[in-house]
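Report on one structure; see the data block that follows.
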Amino acid sequence: MSTMVKLRLPDGRVLEAKIGESILEQIPPESGLVAKVDGKLVDLTWIVREGVGTIEVLDFNSPEGRETYWHTSSHILAQAVKRLFPEAKLGIGPAIEEGFFYDFDLGGKSFSPEDLERIEEEMRRIVKENLPVVREEMDREEAIKLFKSMGEVYKVELLEEMDEDVVSVYRQGEFVDLCRGPHLPYTGYVKALKVLHASSAYWKGDERNPVMQRVYGISFPTEEELKRYLKMREEARKRDHRIVGPQLDLFSMPSEVIGPGLVIWHPKGARIRRVIEDFLVRVHLKWGYELVYSPHIAYTNLWRTSGHLNYYRDFMYVFEKEGIEHAVKPMNCPFHILVYKSKRRSYRELPMRLFELGTVYRYERSGVLHGLLRARGFTQDDAHIFTTPEKLEEEIFRVIELDEYLMRSFGFEEFKVEISTWDPRHPEEYMGSEEDWNRAQSALEEALRKKGYEYEVMEGEAAFYGPKIDVKLVDSIGREWQLSTIQLDFNLPKRFNVTYVDANGSEKTVIMIHRALLGSIERFFGILLEHYAGNFPLWLAPVQVRVLPVAERHLDRAREVLERLLNAGVRADLDDARGTLGYRIRESELEKVPILLVIGDREVESGKVAVRRKGKGNLGSMDLEEFLRGFMEEFLPPDLRGGSSTF
RNA sequence: GCCCCGGUAGCUCAGCUCGGUUAGAGCGCCGCCUUGGUAAGGCGGAGGUCGCGGGUUCGAAUCCCGCCCGGGGCUCCA
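Per the numbering used here, the very first residue in the first sequence carries number -1; after that it's consecutive.
Next comes the structure, spelled out in C-alpha cells:
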C-alpha cells in the first residue's frame, strides 16, 4: 500500500511527490536549495521514499536554505584554493551567521590581497562550470584512506575522532571534502559571491595547534542582494564608533600616550555621558535603589575573601604600598556587601538595592580590546540587590521591568533574552543545593513569563555561583549586542556571611543579585553611537540647538536668543557668523547638531527664529517661545517629560 | 597572549616595490578679502623627530632586527 507524499514548495504550493525520483526532478528549476524531511535536512538530489512525511523545500529565505547556500559556497572556496594552491591543506569550512569561511594550512604562508582576488575569480569559474555536487557515503576506514592519499592530514584527524562507522563525503568536479551536508545540487546555484577578507585562526581554536589561514566570504542568489549586503557592511563600517566618536569630538583613546583600552571623554562626549548618568541615577532612585560610592582601590585581601583573587588575579592591577598588596578594583560587589554588612539587617529592610556607577579596571588581554566596546577601564551601572528567597521572583520581575524601561528610553525596541542554567548532570561543579538552583531558575523563568518575554534556556551555561539572565538588544541595522546581565549569586553571601534576621528571629543567608543593565557606560555609549550613527535623539544630543546668525550684524539678537535657550535648560551654542551661511550650515550638519535657529534681518525685525531641523531642512519661522514650548518635551530626558516643565 | 597586516601633517591618504634634490595632495587650522538666507566664496600662510630604538650604507620614510601602538582574527569574556 502506498501513501501519498506531499512536497511543499517555498512559495506555499503543495505537489504530490513521485516515489523513487529525486526532489530536484519534481520541482520547478532552481525553486529551492535544500529540503526538510521529517525534521532532517536532505539534499535536493535525495530520492523520495515511501512512508515519509511532508517534504518541505526551502529557499534562501529560510535559515536552513541560507546555511546550505553558504556551506556549498565554502566548498567552492576550498576548491578554488586547492586549484591555485595545491599544497594547501584543508581545515574546516562552515557556514556562519553571515556567510562562510574556510581554514587552510599554507605551511606558514598567508594570503595576499591579490591572492584573494584570484581566489574569487577562480570561485566564479567553478560556479560557471556548474559542477554537480554529489553525496557519497563510505566506511570511515575507507574515508581515512582516501584523505590520507590526498595528504589531507586535518581531515584524517577529524575522521579519526569521529564515532560514526559510515561517513559522507561530497564531490564537485575534482574536489572532494569530508562533509555531513546537505549541499546545493550544483555549484551554479551560487549566483553572486565575494571573498571578504583573510585572517588567521588556530586549528580547532587552540593556540598550541598550527595556524590556519581563514578566508571569509559571502554569497547571495542575486547580485542586488550582494550589493545590498556590501552596502550595509560599508554602512556599519562608517558607523564604527572608533571613527565617529573622535570625528564628532566625543572621546579619544590616545593609547600610545596613556596605554591601550583607556578612554578620554571630550566635552561633547562628557555632556552626553552626564545626561545618561543623571538619567540613570534619577531612575534608580525612583525605582527604590540607594546610591552608594566605593573606593577605586583596596587591599588585595578583600578579593581573597570574595574568592575572586584565585580566578581573577591576572586581570587585576596589583601594586604594593607599605608592605601591603593593594589592587585597583575589577568589580564593585565586595564594597556593596560591606555597606550591607555595616550593621545587622532585618528582613524588613529587604530587598536592599545598592546602586553605583562603579568605575573598574580589568587587565584585558591586549588582543581582545576593541574601542569602547571592550576597554580596560570602564564604568558599570552596577547594583547589588540583597533579598529574601520569598521576594526573589518579584525582585527579578522588577529588574526586568526597569531594564525594559531603560532600553526603550534609549530607543531600543527589540530584545533577545537568554537564561543560563546549571548542568543538572554535574551538580558538584556548582555552589548551592539543588533546591537553591531549582528555586532560583524557576524564579527567573517565572518572572520572564509574567513579563511575556520569550527566552532561550542555555543549559550548563551558568556560572558556578548561580544562574543568570542575559538580555541582547538589536540595533538599527540589525546587529545584536549583549548588554544587560542579571546574575544570582549563592556564593558571595556565604563567603562574606551576608545575613538577615527573619520574622522568627533566626539568622538567614541573603540571596544576592548582581545586575548591570547598560553593562558599562563606555560600551553602551559605543553601541548608542553606532545605533544612531552619531545622530543622537534630542535629549541626548551634546548640542541640542545652535543659534546661527546670517551675518555679524545679527550677533546681538543671536546672543539674546542663546541666553533664553540656556536659561530654559537647553544645551545650546552660538555660531560666530564667520564664513558663508551655506558653509556654516554644512559644518553644523556634519557635526550633527539637530536644530539650527537661523537669525537674519527678517528674524531680527519680526522677533522670530527660523528653525532648521537636521535631515528635514527649513521648518519655517516661529516665535522663540513657541519654539521652546514645541520642543521642550523632546529636549528633556524621558523621565522628566510630561507636565511640569522646567522653564 | 598568539597569528597575519599596518603606523608619513590634526584627519584621509600618495611616496616605500628598485635607498639619492628641499617628503607631497585634499580636508582642517591661521590671516586677509568677501556680509552671505538654508550642505563647501576667494587668495595667502603655518604645520612633519616619516611610531620608537638599533643596524646595513657615502646616504634610509624606503632595506634588516627589536620594541610600542593600532586593525583583522584565534582564544578569553566572574
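Where is the CB? At the ideal position from N, CA and C, for every residue including glycine. Just so it is clear, the structure is predicted and the values come from calculations on it, not from any experiment.
Rounded straight-line distance, which links the Cα of residue j to that of residue i
i	j	result
Gly615	Asp36	57 Å
His382	Ile21	58 Å
Lys38	Leu526	41 Å
Asp573	Asp621	20 Å
Leu42	Arg6	13 Å
Leu176	Arg169	9 Å
Glu62	Ala199	26 Å
Pro244	Arg569	20 Å
Lys34	Ser166	18 Å
Ile583	Arg240	25 Å
Lys229	Phe218	14 Å
Glu155	Gln211	18 Å
Glu127	Ile256	56 Å
Leu371	Glu275	18 Å
Met143	Lys202	Checking the displayed sequence, the identity of residue 143 turns out to be Lys instead of Met. Roughly 22 Å between the two C-alpha positions.
Glu14	Met2	7 Å
Asp599	Glu589	26 Å
Gly10	Glu159	42 Å
Ser344	Leu638	34 Å
Gly532	Leu246	8 Å
Lys414	Glu172	44 Å
Glu585	Thr578	11 Å
DSSP state of residue i mapped onto helix, strand, coil
i	result
Pro111	helix
Thr385	strand
Glu528	helix
Phe16	As written in the sequence, residue 16 is Lys, which differs from the Phe given in the question. Coil at Lys16, not helix or strand.
Val370	Sequence inspection shows Leu at residue 370; the Val mentioned does not correspond to that position. Three-state result, Leu370: coil.
Asn299	helix
Leu626	helix
Phe413	strand
Asn495	coil
Glu454	strand
Gln77	helix
Leu336	helix
Phe376	strand
Ile124	helix
Trp648	No answer is possible for residue 648: it lies beyond the span of the chain, which begins at -1 and ends at 645.
Ser643	Confidence at Ser643 is low in this model, with a pLDDT of 45, below 50, so the placement of that residue is unreliable and no value is reported for it.
Ser217	strand
Leu536	coil
Glu578	Just to set this straight, residue 578 is Thr in the shown sequence, not Glu. Residue state, collapsed to three classes: coil.
Ala86	coil
Glu172	coil
Spatial neighbours of residue i in its chain, beta-carbon cut-off 6 Å, leaving aside the 5 residues before and after
i	result
Pro592	Leu536, Ala539 and Lys612
Pro636	Ser407
His69	Ala93
Glu318	none
Cβ-based neighbour list, residue i, same chain, cut-off 7 Å, excluding 5 preceding and 5 following
i	result
Glu393	Pro349, Ile383, Thr385 and Ile511
Ala556	Val545, Pro547, Leu572 and Ile597
Thr644	Residue placement at Thr644 cannot be trusted, given a pLDDT of 46 that sits under 50; what the coordinates show is reported in the next sentence. Taken in chain order, the residues that qualify are Gly567.
Ala460	Ser418, Thr419, Trp420 and Lys466
Glu444	Glu391
Neighbourhood of residue i by C-beta, 8 Å cutoff - its chain only, sequence neighbours within 5 removed
i	result
Met(-1)	Model confidence at Met(-1) stands at a pLDDT of 47, short of 50, so the residue's coordinates are unreliable and nothing is read from them.
Leu114	Val193, His195, Ala196 and Val213
Arg138	Leu157, Met160, Glu162, Asp163, Val164 and Val165
Endpoints, beta strand (DSSP E) assigned at residue i
i	result
Trp201	Where Trp201 is concerned, there is no enclosing beta strand (DSSP E), given that its DSSP letter is neither H nor E.
Gly356	Met350 to Tyr359
Val132	Val131 to Asp137
Asp161	No beta strand (DSSP E) holds Asp161; DSSP gives it neither H nor E.
Glu505	Glu505 to Thr507
Asn616	Gly615 to Asp621
Lys449	That residue, Lys449, is in no beta strand (DSSP E); its alpha helix (DSSP H) goes Glu432 to Lys449.
Bounding residues of the alpha helix (DSSP H) (the contiguous stretch that carries residue i)
i	result
His282	Pro265 to Lys284
Pro547	Careful: Pro547 lies outside any alpha helix (DSSP H), inside the beta strand (DSSP E) at Val543 to Pro547.
Ser474	Premise fails: Ser474 is in no alpha helix (DSSP H) and is neither H nor E.
Ile690	Residue 690 lies beyond the stretch modelled for the chain, which goes from -1 to 645, so this question has no answer here.
Residue i vs residue j beta-carbon contact at 8 Å
i	j	result
Val79	Ile117	yes
Thr66	Val131	no
Phe395	Lys448	yes
Leu352	Met405	no
Ser518	Thr298	no
Leu652	Lys266	The structure shown does not extend to residue 652, since the chain spans only -1 to 645, so no value can be given for it.
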